[in-house]
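Asks:
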Amino acid sequence: MTTIVWFRQDLRLTDNPALLAAAAAGPVIPVYLYTPSEDGAWPPGGASRWWLHQSLQRLDEDLRTAGSRLCLRVGQDSLALLLELARESGATAVTWNRRYEPERIARDRVLKQALKEAGLAATSHNASLLREPWEVASQTGGPMQVFTPFWRRSLALGDPAEPLPQARSLAAPSGWPAPTALEDLELLPRIEWTRGLQDAWQPGRRGALKQLETFLQNSFEGYSEQRNRPDLGATSRLSPHLHFGEIGPREVYQATRLHGLAHGHAQDWRQSQFITELGWREFAYHLLYHFPQTPEQPLRAKYAGFPWKTDAAALRAWQRGLTGYPIVDAGLRELWTTGWMHNRVRMITASFLVKDLLLPWNAGASWFWDTLVDADLASNTLGWQWAAGCGADAAPYFRIFNPILQGRKFDPEGHYVRHWVPELAQLPTEWLHEPWNASPATLQNAGVQLGATYPRPLVDHDAARQEALAALATLKD
DNA sequence: TTTTGAGTTGTTCGA
DNA sequence: GTCGAACAACTCAAA
Numbered sequence: 113m114t115t116i117v118w119f120r121q122d123l124r125l126t127d128n129p130a131l132l133a134a135a136a137a138g139p140v141i142p143v144y145l146y147t148p149s150e151d152g153a154w155p156p157g158g159a160s161r162w163w164l165h166q167s168l169q170r171l172d173e174d175l176r177t178a179g180s181r182l183c184l185r186v187g188q189d190s191l192a193l194l195l196e197l198a199r200e201s202g203a204t205a206v207t208w209n210r211r212y213e214p215e216r217i218a219r220d221r222v223l224k225q226a227l228k229e230a231g232l233a234a235t236s237h238n239a240s241l242l243r244e245p246w247e248v249a250s251q252t253g254g255p256m257q258v259f260t261p262f263w264r265r266s267l268a269l270g271d272p273a274e275p276l277p278q279a280r281s282l283a284a285p286s287g288w289p290a291p292t293a294l295e296d297l298e299l300l301p302r303i304e305w306t307r308g309l310q311d312a313w314q315p316g317r318r319g320a321l322k323q324l325e326t327f328l329q330n331s332f333e334g335y336s337e338q339r340n341r342p343d344l345g346a347t348s349r350l351s352p353h354l355h356f357g358e359i360g361p362r363e364v365y366q367a368t369r370l371h372g373l374a375h376g377h378a379q380d381w382r383q384s385q386f387i388t389e390l391g392w393r394e395f396a397y398h399l400l401y402h403f404p405q406t407p408e409q410p411l412r413a414k415y416a417g418f419p420w421k422t423d424a425a426a427l428r429a430w431q432r433g434l435t436g437y438p439i440v441d442a443g444l445r446e447l448w449t450t451g452w453m454h455n456r457v458r459m460i461t462a463s464f465l466v467k468d469l470l471l472p473w474n475a476g477a478s479w480f481w482d483t484l485v486d487a488d489l490a491s492n493t494l495g496w497q498w499a500a501g502c503g504a505d506a507a508p509y510f511r512i513f514n515p516i517l518q519g520r521k522f523d524p525e526g527h528y529v530r531h532w533v534p535e536l537a538q539l540p541t542e543w544l545h546e547p548w549n550a551s552p553a554t555l556q557n558a559g560v561q562l563g564a565t566y567p568r569p570l571v572d573h574d575a576a577r578q579e580a581l582a583a584l585a586t587l588k589d
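Residue numbers for the first sequence follow our numbering, beginning at 113 and rising by one.
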C-alpha cells in the first residue's frame, strides 16, 4: 500500500507516528501542502514563512538521506491537492499528524470524511503534544482553566509515551508526482530583511537537537532563576523548533528525564521548571481546543467591554521599539531583528501595550503573530490574554509591570538594553532604565539627546498605571 | 450542593 | 533600607 504522508507541523523523521505507520505499510510519498488560506484569520506571518522555507529544505534533505524526497504543493484546498496527488501516484492511503487550531480541526474533520468517501484510507496521529487536549479533564469531565491543577492532573496520568524511532527505510513509490520547487511556495520576502533571522537561528532538525543539547548541558541547572534574565541567554530557545515540529515534546521530555537521571535528579526532574514550561505549552493547547473563540475573543466575557484606546501612532511606536522605555524598546527590537523575544520581556512589553498604552491585546497578538518565528496560535493567545488579564489564570488586575523596576531587576547590568538600544549604550547603568531622569550632563556625556537620538517616554508610567486601574474598575459588572 | 482554599511571572505604601 | 500588608472580587477545582 502506498501512503501519502502529509507533513504539517511535524517536520521531522523521528518520533513521527504518521510517517512510521506509513513506512511500515509500504512505499511513502512525503508531501507538504502550503495552503495559507486554510488558516483562516491566522495565515503564517513573514518570520514564520522564512522559518518554514528553511525547515522544509532541511526536511527534504533528511528525506533524501533516507532514500525519499519531499513533494510540495501550493493551493487553496488541501483536499483537492491530496486527491490529485493520490491520482497521480496511485496512493491508496493518506496519513498525518494532528493540528489543533480550531480552523484546522474543522477542516481536517471534513477532509478525512471526504478522503474516505473517495476510497482512500485516512488516519491521523498525535505528534505534537504530550497529551491530547481532551485527555486531561476536571472531575466533572470539563476543561481545566487553572494551570496548576491542569498540570497536576496531566502528570498524574503518568509519563507520556516515549518517542518513536525513526522509520528504518522509506520505500519510494513506483512513480513520483510532478515536482514543485520550494521557491514556488514564495515563502521568502521579496525585500531582503532576514539577515537577523539567519544570524540568530538554525532552523531544522539538526539545529533543534543542537539547541536542546546545549540547553541541557549549560542552562538546565539554574533555569528556574536564570530563565528570567534576558541578558543571560539561559532559556532553551526551542519554541520555534517545537512549533514546526522539528523536535517533539515527547523527545524533549525524554531528553530531560535522561539528563535529570544522569545528574542526580532521580526524583525531581518532573517538577523542574523546564518540564513545567512544557506543561504551559500543553495548557495553551488545552485552552485553545476547548475555547476556540479565544484567539479573537477574551475568555472572560466582561472584558469584551473594556475601553481600549485607538492610537495608531502609539501602536507604531511600540511596534518599532520607540516607546522611550528602554527595556520595552529593547524587547521589541530584539523581536523585529531576530523573530524572537525573551519570555520575561514578552510579559513586560505586553503589559506596557495593554496597561500603559491601553491598546487592545489583539493588536499585540497580531504583531507578535507577524514577527515571531515561533508564532503559535495556542501559546500566543494564552500569553496575550494572560497579560491583558482576560484569559485563564489571568494576572490580577492590579498586577501592572513597572518597566523601570523590571529592567533593573532582570537586566541589572544593562547588557540586554545596551545591545538592542545602542543609542543608550554609554549611559551609566544607574540611569539606563530611566534615561529621562538622568541629569543633562549625564545625558550629554553619554551622547544622548532625548527626543532626538532616543525618544522621550510615550507616557508617564505612574499616570498610565492610575488610568489603567480606573479603566479596569469600569469592568465591574 | 455548599464550602473552602488557591490562583506563574507585581507594585506600592506605610510602618 | 527592609518588610509585610494591601490591592477586588472572582473563578475554578476539589473536598
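Ideal Cβ positions, reconstructed from N, Cα and C, are used throughout, including at glycine. Owing to the predicted nature of the structure, the values given are computational and were not obtained by experimental measurement.
Alpha carbon to alpha carbon, how far is W313 from P142? Give it in angstroms, no decimals.
Replies: Working through the first sequence from its first residue, we reach residue 142 at position 30. Working through the first sequence from its first residue, we reach residue 313 at position 201. For P142 and W313, the distance between alpha carbons rounds to 25 Å.
Asks: Checking 9 Å against the spacing of the C-beta atoms, do Y528 and L581 come in under that value?
Replies: As a working note, residue 528 is residue 416 in the first sequence. As a working note, residue 581 is residue 469 in the first sequence. Against a cut-off of 9 Å, the Cβ pair of L581 and Y528 comes out as no contact.
Asks: Where DSSP assigns a beta bridge to N209, which residues make up the other side?
Replies: Walking along the first sequence from the start, residue 209 turns up at place 97. In DSSP, N209 forms a bridge with H237.
Asks: Helix, strand or coil for P595, going by three-state DSSP, please let me know.
Replies: Nothing can be reported for residue 595: it is not among the residues displayed for the chain, which extend from 113 to 589.
Asks: Look at the alpha carbon of G345 and the alpha carbon of R339, and state the distance between them as a whole number of angstroms.
Replies: The residue you call residue 345 lines up with position 233 of the first sequence. The residue you call residue 339 lines up with position 227 of the first sequence. G345 and R339: Cα-Cα distance of roughly 8 Å.
Asks: Among the residues of its own chain, which have a CB less than 8 Å from the CB of T147, if the five just before and after it don't count?
Replies: For the purposes of this step, residue 147 is taken as the residue at position 35 of the first sequence. V186, G187, Q188, D189, S190 and L193.
Asks: Which residues bound the alpha helix (DSSP H) around T326?
Replies: Counting from 1 along the first sequence, the entry for residue 326 is found at position 214. Per DSSP, T326 belongs to the alpha helix (DSSP H) from R317 to N330.
Asks: For L469, write down the residues that DSSP places opposite it in a beta bridge.
Replies: By one-based count along the first sequence, residue 469 stands at place 357. Paired residue(s): none; L469 is not in a bridge.
Asks: Is DSSP giving P245 helix, strand or coil here?
Replies: Within the first sequence, the letter at position 133 stands for residue 245. Note: P245 maps to coil in three-state DSSP.
Asks: Keeping to the same chain, check which residues put their C-beta closer than 7 Å to that of L223; ignore five residues upstream and five downstream.
Replies: For the purposes of this step, residue 223 is taken as the residue at position 111 of the first sequence. So the list reads S190 and L191, once near-sequence residues are dropped.
Asks: For L309 and W479, I'd like the C-alpha separation in whole angstroms.
Replies: Position 197 of the first sequence, counted from the first residue, corresponds to residue 309. Position 367 of the first sequence, counted from the first residue, corresponds to residue 479. The alpha-carbon atoms of L309 and W479 are separated by roughly 17 Å.
Asks: Please state if the CB of W481 and the CB of L300 are separated by a distance shorter than 9 Å.
Replies: Here residue 300 corresponds to residue number 188 of the first sequence, with the count starting at 1. Here residue 481 corresponds to residue number 369 of the first sequence, with the count starting at 1. Not in contact: L300 and W481 (Cβ atoms no closer than 9 Å).
Asks: Tell me which residues share the same chain as R412 and place their Cβ nearer than 6 Å to its Cβ, disregarding the 5 neighbours each side in the sequence.
Replies: Against the first sequence, residue 412 aligns to sequence position 300. If we look at R412 and ignore the five residues flanking it on each side, its Cβ neighbours are C502.
Asks: Could you spell out the range, first to last residue, of the alpha helix (DSSP H) harbouring I217?
Replies: Numbered from its first residue, the first sequence carries residue 217 at position 105. Per DSSP, I217 belongs to the alpha helix (DSSP H) from P214 to E229.
Asks: Look at the alpha carbon of E525 and the alpha carbon of Y401, and state the distance between them as a whole number of angstroms.
Replies: Here residue 525 refers to the residue found at position 413 when the first sequence is read from its first residue. Here residue 401 refers to the residue found at position 289 when the first sequence is read from its first residue. Cα-Cα distance, rounded: 42 Å.
Asks: Tell me the start and end of each unbroken beta strand (DSSP E) in the segment 432 to 507 that is at least 3 residues and wholly inside, in chain order.
Replies: With a minimum length of 3 residues, no continuous beta strand (DSSP E) run stays inside the segment 432 to 507.
Asks: Which same chain residues end up closer than 7 Å to A230 when comparing Cβ atoms and leaving out the 5 residues on each side of it in sequence?
Replies: In the first sequence, counting from the first residue as 1, residue 230 sits at position 118. Correct list, in chain order: L195.
Asks: Grouping DSSP H, G and I as helix and E and B as strand, with all else coil, what is F403?
Replies: Looking up residue 403 in the first sequence gives position 291. Looking at F403 - three-state DSSP - the assignment turns out to be coil, as it is neither helix nor strand.
Asks: The beta strand (DSSP E) with L191 in it runs from where to where?
Replies: What you label residue 191 is simply residue 79 of the first sequence in a count that begins at 1. Per DSSP, L191 belongs to no beta strand (DSSP E); it is in the alpha helix (DSSP H), S190 to S201.
Asks: To the nearest angstrom, report how far apart N514 and R170 are at their CA atoms.
Replies: On the first sequence, residue 514 is found 402 positions in, with the first residue counted as 1. On the first sequence, residue 170 is found 58 positions in, with the first residue counted as 1. Answer to the nearest angstrom: the Cα atoms are 42 Å apart.
Asks: Determine the extent of the beta strand (DSSP E) in which W543 is found, giving its start and end residues.
Replies: In the first sequence, counting from the first residue as 1, residue 543 sits at position 431. Segment T541 to L544 is the alpha helix (DSSP H) holding W543; no beta strand (DSSP E) there.
Asks: Using a Cβ-Cβ cutoff of less than 7 Å, which residues in the same chain neighbour F403 once the five nearest sequence positions on both sides are dropped?
Replies: Residue mapping note: residue 403 aligns to position 291 of the first sequence, counting from 1. Cβ neighbours of F403 beyond the five flanking positions: L411.
Asks: In terms of alpha-carbon separation, which member of S351, G376, R317 and S384 lies closest to S336?
Replies: Indexing the first sequence from 1 puts residue 336 at position 224. Here the closest residue by C-alpha is S384.
Asks: For L562 and F464, what's the separation of their Cα atoms in angstroms?
Replies: Locating residue 562 in the first sequence gives position 450, where the first residue counts as 1. Locating residue 464 in the first sequence gives position 352, where the first residue counts as 1. In a straight line, the C-alpha of L562 is about 20 Å away from that of F464.
Asks: I want to know whether the segment 263 to 283 touches the segment 387 to 398 - three or more CB-CB distances under 8 Å.
Replies: Contact holds: three or more Cβ-Cβ distances are below 8 Å.
Asks: For L197, which residues from the same chain have a beta carbon less than 8 Å from its beta carbon, with the 5 sequence-adjacent residues on both sides left out?
Replies: Position 85 of the first sequence holds residue 197. Here the set comprises I116, I141, V143, C183, R185, A203 and P289.
Asks: Per the contact definition of three or more C-beta pairs closer than 8 Å, is the segment 239 to 257 in contact with the segment 350 to 370?
Replies: The segment 350 to 370, when compared against the segment 239 to 257, does touch it at the 8 Å Cβ threshold.
Asks: Judging by CA-CA distance, which residue of Q409, N209 and E150 is the nearest neighbour of E244?
Replies: Counted from its first residue, the first sequence places residue 244 at position 132. Of the listed residues, the one whose Cα sits closest to E244 is N209.
Asks: Between the alpha carbons of A583 and L294, how many angstroms are there, rounded?
Replies: To locate residue 583, count along the first sequence from 1; it is residue 471. To locate residue 294, count along the first sequence from 1; it is residue 182. Their Cα atoms are separated by approximately 49 Å.
Asks: Does DSSP put P534 in a helix, in a strand, or in coil?
Replies: On the first sequence, residue 534 is found 422 positions in, with the first residue counted as 1. Here P534 sits in helix by DSSP.
Asks: Quick one: using the 10 Å Cβ neighbour count with 16 as the cut-off for buried, is H573 buried or exposed?
Replies: Numbered from 1 along the first sequence, position 461 holds the residue referred to as residue 573. Label assigned to H573: buried.
Asks: I want to know whether the segment 489 to 497 touches the segment 468 to 479 - three or more CB-CB distances under 8 Å.
Replies: Result yes; three or more Cβ-Cβ pairs closer than 8 Å.
Asks: As a quick exercise: from A133, V258 and R219, pick the residue whose alpha carbon is nearest that of T235.
Replies: For this step, residue 235 is matched to residue 123 along the first sequence. Of the listed residues, the one whose Cα sits closest to T235 is A133.
Asks: Go ahead and pull the three-state DSSP assignment for Y509.
Replies: Here residue 509 refers to the residue found at position 397 when the first sequence is read from its first residue. Of the three classes helix, strand and coil, the one that applies to Y509 here is coil, per DSSP.
Asks: In terms of residue numbering, what span does the alpha helix (DSSP H) encompassing R412 cover?
Replies: The residue given as residue 412 occupies position 300 in the first sequence. Note, R412: premise wrong, no alpha helix (DSSP H); not H, not E.
Asks: Can you name, in chain order, every residue of its own chain whose Cβ lies under 6 Å from the Cβ of H353, other than the five neighbours on each side?
Replies: Start at 1 with the first residue of the first sequence, and residue 353 comes out as number 241. A320 and I359, listed in sequence order.
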